[in-house]
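> Input: one structure, supplied below.
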Amino acid sequence: MFSVLSILNVKDLVALSGAHTIGKVHCGAFSKRLFNFTGNRDADPSLDTRYANFLRTKCPNPSDPATTVEMDPRSSLLRQPLLSSSYTKTGPLSV
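Heads up, the sequence shown is in numbering that gives the first Met the number 0, so the first residue is 0 and it goes up one at a time.
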(Lines of atoms letter the chains of each structure in order from A and count residues from 1; the text may use other names and numbers.)
(Lines give C-alpha, C1' and ligand atoms only; values in the text may rest on other atoms or scores of the structure.)
Protein backbone atom coordinates (compact mmCIF):
# COMPACT_ATOMS: atom_id res chain seq x y z
CA MET A 1 0.00 0.00 0.00
CA PHE A 2 2.77 2.46 0.84
CA SER A 3 4.32 2.01 -2.60
CA VAL A 4 1.02 3.10 -4.15
CA LEU A 5 0.84 6.16 -1.88
CA SER A 6 4.32 7.23 -2.93
CA ILE A 7 3.22 7.66 -6.56
CA LEU A 8 0.04 9.62 -5.76
CA ASN A 9 0.05 13.39 -5.70
CA VAL A 10 -2.00 15.68 -3.45
CA LYS A 11 -4.79 15.93 -6.02
CA ASP A 12 -5.06 12.13 -6.16
CA LEU A 13 -5.19 11.83 -2.37
CA VAL A 14 -7.87 14.51 -2.06
CA ALA A 15 -9.99 12.78 -4.70
CA LEU A 16 -9.63 9.39 -3.03
CA SER A 17 -10.38 10.77 0.43
CA GLY A 18 -13.32 12.81 -0.81
CA ALA A 19 -14.85 9.80 -2.53
CA HIS A 20 -15.08 8.11 0.85
CA THR A 21 -17.27 10.93 2.21
CA ILE A 22 -19.96 10.63 -0.47
CA GLY A 23 -22.70 8.05 -0.58
CA LYS A 24 -23.99 5.45 1.81
CA VAL A 25 -22.48 2.91 4.17
CA HIS A 26 -23.95 -0.37 5.41
CA CYS A 27 -24.77 -0.33 9.13
CA GLY A 28 -22.77 -3.51 9.67
CA ALA A 29 -19.58 -1.64 8.76
CA PHE A 30 -19.80 0.45 11.94
CA SER A 31 -22.36 -1.24 14.22
CA LYS A 32 -19.67 -2.15 16.77
CA ARG A 33 -19.05 1.59 17.23
CA LEU A 34 -22.72 1.99 18.23
CA PHE A 35 -23.46 -1.05 20.33
CA ASN A 36 -20.33 -2.74 21.69
CA PHE A 37 -17.24 -0.62 21.18
CA THR A 38 -15.21 -1.88 24.15
CA GLY A 39 -17.13 -5.10 24.72
CA ASN A 40 -19.32 -3.53 27.42
CA ARG A 41 -22.34 -2.66 25.23
CA ASP A 42 -21.19 0.93 24.86
CA ALA A 43 -20.80 3.38 21.99
CA ASP A 44 -17.51 4.70 20.70
CA PRO A 45 -16.81 7.81 22.82
CA SER A 46 -15.34 9.58 19.78
CA LEU A 47 -18.85 9.69 18.22
CA ASP A 48 -21.05 12.65 19.06
CA THR A 49 -23.66 11.31 21.52
CA ARG A 50 -26.64 12.77 19.64
CA TYR A 51 -25.36 11.39 16.36
CA ALA A 52 -24.77 7.94 17.89
CA ASN A 53 -28.35 7.96 19.20
CA PHE A 54 -29.61 8.97 15.74
CA LEU A 55 -27.65 6.14 14.10
CA ARG A 56 -29.11 3.64 16.58
CA THR A 57 -32.59 4.59 15.34
CA LYS A 58 -31.53 3.88 11.75
CA CYS A 59 -29.36 0.82 12.39
CA PRO A 60 -30.86 -1.76 14.74
CA ASN A 61 -28.77 -4.26 16.66
CA PRO A 62 -28.03 -6.76 15.23
CA SER A 63 -27.59 -4.88 11.99
CA ASP A 64 -29.55 -5.71 8.86
CA PRO A 65 -27.06 -6.19 6.00
CA ALA A 66 -29.33 -4.23 3.66
CA THR A 67 -29.67 -1.13 5.87
CA THR A 68 -27.57 1.90 4.91
CA VAL A 69 -27.06 5.47 6.11
CA GLU A 70 -25.46 8.52 4.49
CA MET A 71 -21.69 8.83 4.94
CA ASP A 72 -22.17 12.52 5.70
CA PRO A 73 -25.36 13.10 7.70
CA ARG A 74 -25.68 16.65 6.37
CA SER A 75 -25.57 15.91 2.66
CA SER A 76 -25.10 13.20 0.06
CA LEU A 77 -23.14 15.71 -2.03
CA LEU A 78 -19.50 16.72 -1.62
CA ARG A 79 -20.13 20.30 -0.56
CA GLN A 80 -18.63 20.16 2.91
CA PRO A 81 -14.98 20.70 3.74
CA LEU A 82 -13.09 17.47 3.24
CA LEU A 83 -13.55 15.06 6.14
CA SER A 84 -15.40 17.68 8.20
CA SER A 85 -17.67 14.98 9.61
CA SER A 86 -14.66 13.36 11.22
CA TYR A 87 -13.74 16.59 12.93
CA THR A 88 -17.25 17.13 14.30
CA LYS A 89 -17.59 13.47 15.35
CA THR A 90 -20.59 13.01 13.04
CA GLY A 91 -19.39 10.43 10.55
CA PRO A 92 -20.29 6.75 10.87
CA LEU A 93 -16.82 5.52 9.96
CA SER A 94 -13.72 6.38 11.94
CA VAL A 95 -10.70 7.98 10.33
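In this text, a Cβ means the ideal position worked out from N, Cα and C, and glycines have one as well.
1) Just to confirm before moving on: does the CB-CB distance between Thr-67 and Lys-23 stay below 7 Å?
2) Would you report the Cα separation of Phe-34 and Ala-51, rounded to the nearest angstrom?
3) Taking the alpha-carbon positions, what's the Pro-64 to Met-70 distance?
4) Considering Thr-56, what are the terminal residues of the alpha helix (DSSP H) in which it resides?
5) With DSSP as the reference, please indicate the residues paired to Lys-23 in a beta bridge.
6) To the nearest angstrom, how far is it from the Cα of Leu-7 to the Cα of Ala-28?
7) What's the gap between the Cα of Ser-30 and the Cα of Val-9?
8) Look at the alpha carbon of Ser-45 and the alpha carbon of Ala-14, and state the distance between them as a whole number of angstroms.
In brief:
1) yes
2) 9 Å
3) 16 Å
4) 48 to 57
5) Glu-69
6) 27 Å
7) 32 Å
8) 25 Å
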